[in-house]
Each structure stands twice: as C-alpha cells, then as structure tokens.
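Numbering (our numbering), first residue to last: 1 to 386.
Idealized CB from N, CA, C, for every residue including glycine.
The block underneath contains the structure these notes are about, expressed in structure tokens.
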C-alpha cells in the first residue's frame, strides 16, 4: 500500500553524504517540498551548503524550488527553530527523514549527546506534537557490536537492542540511545521506521566516495603502506544512491510501525578481495598478522600526523569495555554477530531496487574514482609513504 502523496517533508542531515543522496531521491520520487534543517547563519547560507553538498557528492546542480532551507540545529531545543516555525512544521509535515547528527569516532558520548540523542528527542517531540508524523531514521549496524562482545552470535531485525555498555565508541553509543529512544516512541504509538546500514559508499552512477570515513582512510593506508591485516572484515558496501532509493521506497510503502530494516549487501566482499583489486591496479600489498599490522600502523601514524588514517588509530589500540579485544576487533568475524536482512528484502520486493553484491566490478569502480579524485595515489608510488 502506498501512503498518500506527501506534500511537506522534513529532512535532517541533508548536507551530509547520505542526506545529499536522499534529498535528490525525494526530489525525483515525490512532489513534496523538502524542508532541510541546516546549521547556517541564514537561509542563503543554508542553501549554499545544500548546493555545495549536491555538487560534491552527486556532481549535480541544485536548483529545485521545492527545497526549503531551514536554519536550525539538532543540538538545540526545538531544533533551534522559532516557536511558530516548530508548530507550523508539527501541524503540516507528512514525514520526517532523520539522518542528521555529529559523526566522530573519537569523541566521548557526552560530546555527541546533544546533537545525536537530544536532536532525536526533539524530532520525536516535533513528530508527536500534533498528529503523529512518521519518522524514518537512519541508524547503523554498529549498534549491534555489543551483542558480539557479549558472546551473542546471531541477531535479527526483530531482536531488541541490548548491551550498550559493551560498545566502547561514543558515536555508536549515541546512535544506540537515539535508536532506543525511537523504539520507545514507537511503542507509545509514534509511526517510526528504523533503517540500519553498514558502509555507505559512492553512488553507482558517479562512484564519488565520502573520503572522510574510516573505510576510505584504510583503503588509502593499505595502498600507501603496502600492507593489510589478516582479519575477516566483511566489506558490506551499500551505494548511497541505492540506499536513498531503498529508504524512500520503504518509507512510502511499508507500515511505519517501529520495524527495523537491515539495508546491507546480499554478498559482501572480504578485505582480501579489496587487496586483490589494489594489486590489480599495480599496488604491492602484503598480508600481515593483525598484531604486527597494528604495530606498524601505530608507528606510521606517529610519523604521519596528517594522514587520513591517523585519527582512526585509537580504534585499533583502545580496548573494548570488559574485553581483551580492541574496538576494531568487535567488527571482525566471527565476533560481530551474524544478522539477517529478511524484512528489508520483503519490503523491497517488487520495487526494482537492488542492493548490489560487492564484486570486483564495484570495488574497481570505487578505487578508480578515488584515484581520479586524487585521494588514492596511482600505483608505482605504493610504499612511498611508508
């Protein structure tokens, strides 16, 4: 069943990587006005940020009059909006897509709480203010890492969240709490959809990656150091344009009854597959035992403070709470629990939207784009930074 055509949609995170793709998708699949909550000095500044992110991530110009810049801030009460604006939205919105928040893997929970948890609480207040506006929330499969740390081998889309004390990363803790807040709101009657995903990668059309991610930093380090670790790390890539289409489709067609959908690849690759594709491009990449690889990473970071991988080194060194494992090891197989995607598959049946297998062609698509954009050095320079 397709819900009534929405006329007014609120989108948070529209200047981010996933949000930019979703903004484009909502403009092409609905006739709604899209109110985009953006931190900026004024509406012109907000619109400029929206235009810049469309250009950067989608290589598109944004000229649609249906985009309504909304100057606000997730970290503030009422989203930083004037009372009358907040009330107008509560009375007129048909849907909220909540993708906004602060992403930082090194900040403790309390530094991210205002934007990520407080912002979600304000979204719930807005949605429940007058008439129960459906909220579609983009979460992360990382909220399941605590299960693996606690020895749980398998979870499903229906498994209630648990083990927040085992996560060890402030950002993931903030996503766990925000998601739980939405489950509580759903139990109280608010229409909610939760969509979890793993690594969101470049659109299939452009291949443009979000190079600020740990994933891109690691790809760069593998190439620059000529090494990768002997670990089972699934590369569960979901192209951003497919993710956006899947989100919009599920929001429009599935009942917003608090369900969770795992938007993940049907066939993830493995780290060794990525190393193979780097070798195919002429890079020399050797596999090292994990502990030796980490020791080299730490030495490298000390000598290369501005390298993209350096900010992520603590994740490979710091211990997970109550565990002998480092935080990164929580995400390796077999520690990270197996998870299903049955509800997501059922919800997307007949939509024509497929999340692709992560095969050599997809990996090459991304590596080629990273080279073309100058993020990844062409082969022949491999090892030069080591």
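- The continuous stretches of alpha helix (DSSP H) do not include residue 9, which lies in the beta strand (DSSP E) extending over residues 8–12.
- Counting only runs of at least 3 residues, the stretch 50–136 fully encloses the following beta strand (DSSP E) elements, listed from N- to C-terminal order: 67–71, 95–98.
- For the options 59, 98, 126, the alpha carbon positioned closest to that of residue 87 is the one of 126.
- For the alpha helix (DSSP H) assignment, the uninterrupted runs of no fewer than 4 residues enclosed by the stretch 301–381 are, from N- to C-terminal side, 314–317, 342–348, 360–372.
- Partner residues in the beta bridge of residue 34, as assigned by DSSP, are 9, 67.
- For residue 39, no beta strand (DSSP E) run applies, since DSSP gives it neither H nor E.
- Bridge partners of residue 237 according to DSSP: 199.
- In the DSSP annotation of this structure, the continuous segment of the alpha helix (DSSP H) that includes residue 271 starts and ends at 271–280.
- Under the criterion of beta carbons closer than 8 Å, residue 157 and residue 262 qualify as touching, at roughly 6 Å.
- Beta-carbon to beta-carbon, residue 208 and residue 202 are separated by about 5 Å, close enough to satisfy the 8 Å threshold.
- A distance below 7 Å between beta-carbons, with the five flanking residues on each side excluded, links residue 129 to the following residues of its chain, in chain order: 90.
- In this structure, residue 367 keeps its C-beta atom at 8 Å or more from the C-beta atom of residue 284.
- With respect to the C-alpha of residue 134, the residue from 265, 113, 254 having the closest C-alpha is 254.
- Nearest to residue 281 by C-alpha distance, out of 321, 376, 313, 212, is 376.
- Sequence-distant Cβ neighbours of residue 341 in its own chain, meaning closer than 6 Å and more than five residues away, are 262, 264.
- DSSP, reduced to helix, strand and coil, places residue 44 within a helical segment of the structure shown.
- Contact between residue 15 and residue 244 does not hold, since their C-beta atoms are separated by about 14 Å, which reaches or exceeds 8 Å.
- Closest option to residue 176, judged by alpha-carbon separation, among 214, 220, 113: 113.
- Note that the stretch 315–334 does not touch the stretch 348–358; fewer than 3 beta-carbon pairs, one per stretch, sit closer than 8 Å.
- Taking 8 Å as the cut-off, the beta carbon of residue 181 is found closer than this to the beta carbon of residue 124.
- Put simply, of 192, 212, 118 the residue whose alpha carbon is nearest the alpha carbon of residue 18 is 212.
- The residue from 306, 288, 336 with its alpha-carbon nearest to that of residue 229 is 288.
- Approximately 6 Å separates the beta-carbon atoms of residue 79 and residue 37; this is inside 8 Å, confirming the contact.
- The beta carbons of residue 271 and residue 235 sit closer together than 8 Å.
- Taking the C-beta atoms as reference points, residue 275 is found nearer than 8 Å to residue 222.
- Taking C-beta separations shorter than 6 Å and ignoring five residues to either side along the sequence, the partners of residue 260 in its chain run 157, 194, following chain order.
- For the 8 Å CB-CB criterion, residue 62 and residue 72 do not form a contact.
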